[in-house]
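Enquirer:
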Amino acid sequence: MVTINFIKPKLRKLFHRTHLFFQLLSLDIVLGALGGYAFACKVLDQEISLSVSIILAVAVWITYISDHLLDTLSAVNQSKYAFFSKNRRFFLIFLTLLSLAEVFLIFHFLTLMLIFTGMLIGSGLFIYLFLQHFIKGRLRRFFPKEILISSIYIFAVWFYPLAITTRLPKEPIVLILLHFILVYSNVSLFSYFEREKDTMNLQFSLLTMLNEKKLKFIILSIIVLGFMLSAYLVVFENLLSAMFLLIIFTIYLFVLVYSENDQVRKRYADITDGSFLIFLLFLFL
1 MVTINFIKPK LRKLFHRTHL FFQLLSLDIV LGALGGYAFA CKVLDQEISL SVSIILAVAV
61 WITYISDHLL DTLSAVNQSK YAFFSKNRRF FLIFLTLLSL AEVFLIFHFL TLMLIFTGML
121 IGSGLFIYLF LQHFIKGRLR RFFPKEILIS SIYIFAVWFY PLAITTRLPK EPIVLILLHF
181 ILVYSNVSLF SYFEREKDTM NLQFSLLTML NEKKLKFIIL SIIVLGFMLS AYLVVFENLL
241 SAMFLLIIFT IYLFVLVYSE NDQVRKRYAD ITDGSFLIFL LFLFL
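Going left to right, the sequence shown walks through residues 1 to 285 as the numbering used here numbers them.
1) Classify Met-209 as helix, strand or coil using the three-state DSSP reduction.
2) Can you look up Pro-144 in the DSSP assignment and give me helix, strand or coil?
3) Nearest CA to the CA of Leu-110: which residue from Phe-159, Lys-145 and Phe-126?
4) Determine, using beta-carbon pairs with one atom in the segment 172-184 and one in the segment 35-45, whether at least three such pairs fall under 8 Å.
5) Applying the criterion that 16 or more other CB atoms from any shown protein chain within 10 Å of the CB defines a buried residue, is Val-235 buried or exposed?
6) Does Phe-6 pass the burial test, meaning 16 or more other C-beta atoms within 10 Å, or should it be called exposed?
7) Would you check if there are 3 or more beta carbon pairs closer than 8 Å linking the segment 92-106 to the segment 30-39?
8) Taking 8 Å as the threshold (C-beta atoms), are Leu-245 and Gly-226 in contact?
9) By the DSSP assignment, the alpha helix (DSSP H) with Asp-28 in it spans what residues?
10) With the cut-off set at 8 Å, would you say Val-257 and Tyr-268 are in Cβ contact?
11) Hey, Gln-277 and Asp-28 are a contact pair by Cβ (cut 8 Å); roughly how many whole angstroms apart?
12) Under three-state DSSP, which class holds Leu-110?
13) Report the three-state DSSP secondary structure of Ile-218 (helix, strand or coil).
14) Applying the criterion that 16 or more other CB atoms from any shown protein chain within 10 Å of the CB defines a buried residue, is His-108 buried or exposed?
15) Using the Cβ count rule (16 or more neighbours within 10 Å means buried), how would you classify Thr-18?
16) Tell me whether the beta-carbon of Ile-62 lies closer than 8 Å to the beta-carbon of Ser-99.
17) Straight-line CA distance for Leu-20 to Asp-270?
18) Mind checking Ala-231: buried by the 16 CB within 10 Å criterion, or exposed?
And the structure:
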């Protein structure tokens with residue numbers, strides 16, 4: 001009993017440190033994107049490419065590290081991103097090396113057409129980072145970050161499987177739309193929970209301009225639409241995809257309904273982003 005009681009705190013401490021490490025370095029987001037790519041490949045009946053998986057993972061990682069480093073330039077975010085602020089020089093060097101490795105991988109493994117497509121995605125990411133960190137005040141409402149983020153994410157995850165697909169039936173079109181709604185729901189929930197902070201920091205978006213009641217109703221409507229489209233997948237007899245999507249939409253509905261709960265408000269980011277890890281199961285299906 002003494003040994004077990006001693007081990008449990010050690011395991012909890014190890015789990016907490018591992019979770020914090022993954023969250024700080026946005027590795028949970030990277031894994032979620034890989035799961036989304038695996039989902040796209042499964043839907044389009046394509047083999048999962050190891051090289052494309054690495055390129056996608058590195059691209060997502062570069063984006064989030066850049067985002068965190070840019071956040072350190074803002075005084076209001078210093079406490080939240082103290083880890084990146086303290087180790088800014090290391091991360092700048094790491095980011096440079098990571099970017100050089102990404103360029104090598106892209107030119108070594110991808111065709112010119114895919115490289116051009118990747119440049120479009122990179123341009124979208126650059127625009128997002130610029131709008132997020134250098135456009136302040138109510139001007140930002142003309143650049144809805146929720147739609148921009150969701151569009152870039154879906155484009156990045158689906159572009160390679162779509163590019164090598166010779167025939168596109170109706171079912172994947174519904175799934176791409178559903179995937180977009182899922183990502184948009186995720187980002188919208190962040191806007192809902194971070195509404196006061198965004199307003200205080202003059203980081204307005206289309207959703208943060210709404211009052212809390214209207215914003216909650218819009219997000220609820222988006223989630224309900226996701227439920228309805230997921231149920232529509234039964235027409236195509238795609239029960240597996242429908243089940244996975246309904247599980248995540250149920251998680252989002254739970255977070256929204258219990259948004260006033262202290263534990264939910266504290267853990268909403270872990271719950272919503274963590275739900276995307278469910279897609280990793282498509283790597284083995």
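By construction, the Cβ of each residue, glycine as well, lies at the ideal position given by its N, Cα and C atoms.
Predicted model only: the values in this text are computed from it and were never measured.
Expert: Checking against the coordinates, here is how it stands:
1) coil
2) coil
3) Phe-159
4) yes
5) exposed
6) Here the model assigns Phe-6 a pLDDT of 46, short of 50, so the residue's position is not dependable, and the following value carries that caveat. Exposed, since its Cβ has fewer than 16 Cβ neighbours within 10 Å.
7) no
8) yes
9) 27-43
10) no
11) The question names Gln, yet the displayed sequence has Leu at residue 277. Confirmed, about 7 Å.
12) coil
13) helix
14) exposed
15) exposed
16) yes
17) 10 Å
18) exposed
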